[in-house]
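Respectively, the protein sequence lines represent chains R and S.
Residue numbers for the first sequence follow our numbering, beginning at 7 and rising by one.
Residue numbers for the second sequence follow our numbering, beginning at 136 and rising by one.
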Amino acid sequence: MALNILVVDDSAVVRTMIVKTLRLAGVDLGEVFQGANGQEGLDVLNEQWIDLAFVDINMPVMNGEEMIEKIRENPVWADLPIVVVSTEGSQTRIDRLLQKGVRFIHKPFAPEVVRETVCLITGADNVTHA
Amino acid sequence: MSRTLEEILQWATEETFASMAFMFPIEGAEAGAPPGDRTIVRVVFRGPFSGTLELAVQPEMLPALAGNMLGLDPGQTPTDAQQIDAVKELANIVCGNILPEVGTPRDVFNVCEPRLVTNAQPGEADDAAPAARVSVCMDAGTVDLSLFLDADALAQRASRQSQSITECR
């Protein structure tokens with residue numbers, strides 16, 4: 007089954023990198039949606055069915071932590087698999103995020119890490135072995 | 136023994152540019168910033184201590200940086216906006232990676248949005264001398280990093296290093 011993906015990062019270059027990495031990793035992508043901040047991410051979720059979200063933390067307007075809190079509070083989105091892709095280095099903040107049931111990828115990231123993370127979340131059903 | 140600020144800057148820059156932009160340091164290249172224009176990005180951070188990370192690159196590096204990050208085909212040129220976005224993101228990543236090393240992994244910082252600086256020279260942020268400065272020679276050009284720290288940061292770091300030396304004894 008192809009995955010509908012949401013990528014939220016204030017850097018358009020990073021959003022493109024993540025999508026490209028997913029394609030190169032052989033992830034079966036359906037529709038790909040993007041947002042430049044947490045609010046834009048929530049707006050997409052209101053309109054579209056999303057299977058997996060990649061979310062940055064430091065963003066203007068609404069940061070990723072607040073966006074994730076709102077997702078977890080909403081019964082429709084509460085179980086959405088979320089991968090935080092961030093430069094965040096504070097173990098205190100990372101622990102707080104992990105308690106919200108997200109996975110964490112640290113920037114700079116290697117493509118294999120993105121692939122392995124998607125495999126863990128989807129059970130590898132959506133990833134073609136290269 | 137903890138690393139020096141210069142070693143931390145060097146490590147974070149090399150890791151970030153290699154992983155994100157496929158640019159690698161030239162082994163044995165002569166240290167020191169060559170003269171010429173620079174595109175400068177500054178990232179301000181606030182937390183247990185505050186400061187600014189400044190990343191300056193030779194403008195001719197920008198198309199290759201953005202092109203590599205975006206995975207563009209040869210002959211494709213990234214837009215000006217993509218080039219600036221790319222260098223801002225690299226500064227953001229370097230900053231995020233040095234903070235737990237300069238402070239501790241438990242410290243929580245608020246990192247501001249990277250800012251493109253015009254009409255400035257590298258190493259002149261905050262009207263103060265940088266606490267550390269390195270130039271990393273890459274295959275595509277030179278990257279200059281300057282780290283400005285408030286007095287609290289330097290005092291905390293000196294205290295930790297002195298504790299570490301005492302523990303080693």
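Positions of the beta carbon are idealized from the N, C-alpha and C atoms, including for glycine.
Given the structure is predicted, the values throughout are model-derived calculations rather than measurements.
Starting from the beta carbon of residue i, find every residue of chain S whose beta carbon is closer than 8 Å, and list them in chain order.
{"i": "residue 97 of chain R", "result": "235, 240, 241"}
{"i": "residue 23 of chain R", "result": "155, 204, 205, 206"}
{"i": "residue 93 of chain R", "result": "227, 228, 230, 231, 232, 246"}
Please determine, among the options, the residue with the shortest C-alpha to C-alpha distance to residue i.
{"i": "residue 137 of chain S", "options": "S/182, S/175, S/233, S/200", "result": "S/233"}
{"i": "residue 11 of chain R", "options": "R/32, R/36, R/31", "result": "R/36"}
{"i": "residue 18 of chain R", "options": "R/41, R/30, R/31, R/27", "result": "R/41"}
{"i": "residue 84 of chain R", "options": "R/125, R/91, R/109, R/75", "result": "R/75"}
{"i": "residue 56 of chain R", "options": "R/9, R/72, R/30, R/126", "result": "R/9"}
{"i": "residue 188 of chain S", "options": "S/271, S/231, S/142", "result": "S/231"}
{"i": "residue 124 of chain R", "options": "R/89, R/107, R/115", "result": "R/89"}
Taking the beta strand (DSSP E) that residue i belongs to, which residues open and close that run?
{"i": "residue 13 of chain R", "result": "9-14"}
{"i": "residue 277 of chain S", "result": "276-284"}
Residue i touches chain S at which residues, Cβ-Cβ below 9 Å?
{"i": "residue 43 of chain R", "result": "Chain S residues near residue 43 of chain R: none, gap ~11 Å exceeds 9 Å."}
{"i": "residue 7 of chain R", "result": "Result: empty, since nearest Cβ-Cβ is about 26 Å, beyond 9 Å."}
List the residues of chain R whose Cβ lies closer than 7 Å to the Cβ of residue i, in chain order.
{"i": "residue 155 of chain S", "result": "114"}
{"i": "residue 151 of chain S", "result": "114"}
{"i": "residue 267 of chain S", "result": "Chain R residues near residue 267 of chain S: none, gap ~17 Å exceeds 7 Å."}
{"i": "residue 246 of chain S", "result": "64"}
{"i": "residue 221 of chain S", "result": "19"}
{"i": "residue 224 of chain S", "result": "17, 19, 20"}
Do residue i and the ligand ADP come close, with the Cβ less than 7 Å from some heavy atom?
{"i": "residue 113 of chain R", "result": "Within the structure as shown, the ligand ADP is missing, as the structure has no ligands at all."}
Output the boundary residues of the alpha helix (DSSP H) element that contains residue i.
{"i": "residue 119 of chain R", "result": "117-128"}
{"i": "residue 150 of chain S", "result": "140-156"}
{"i": "residue 24 of chain R", "result": "18-30"}
{"i": "residue 99 of chain R", "result": "97-104"}
Indicate whether the contact test is met: 3 or more Cβ pairs, each with one atom in the segment 201-214 of chain S and one in the segment 9-28 of chain R, closer than 8 Å. In short, these stretches touch, since the Cβ pair count reaches three.
Under 8 Å, with one C-beta from each stretch per pair, do the segment 85-103 of chain R and the segment 226-240 of chain S reach the 3-pair mark? In the pairwise beta carbon analysis, the segment 85-103 of chain R is classified as touching the segment 226-240 of chain S: at least three pairs are separated by under 8 Å.
Which ranges would you report for the beta strand (DSSP E) in the segment 181-234 of chain S if only whole runs of at least 3 residues count? For the segment 181-234 of chain S, whole beta strand (DSSP E) runs of length 3 or above, ordered along the chain, are 186-192.
Can we say the segment 249-260 of chain S touches the segment 271-283 of chain S, given the rule of at least three CB pairs closer than 8 Å? Verdict: yes, contact present.
Unbroken stretches of the alpha helix (DSSP H), 4 residues or longer, contained in the segment 50-92 of chain R: With a minimum length of 4 residues, the continuous alpha helix (DSSP H) runs that stay inside the segment 50-92 of chain R are 70-79.
For a minimum of 3 consecutive residues, which ranges assigned as the beta strand (DSSP E) are wholly contained in the segment 236-260 of chain S? The segment 236-260 of chain S contains these whole beta strand (DSSP E) runs: 250-252.
Taking 8 Å as the cut-off, does the segment 208-225 of chain S touch the segment 56-74 of chain R (at least 3 CB pairs, one atom from each stretch)? They do not touch, by the three-pair rule.
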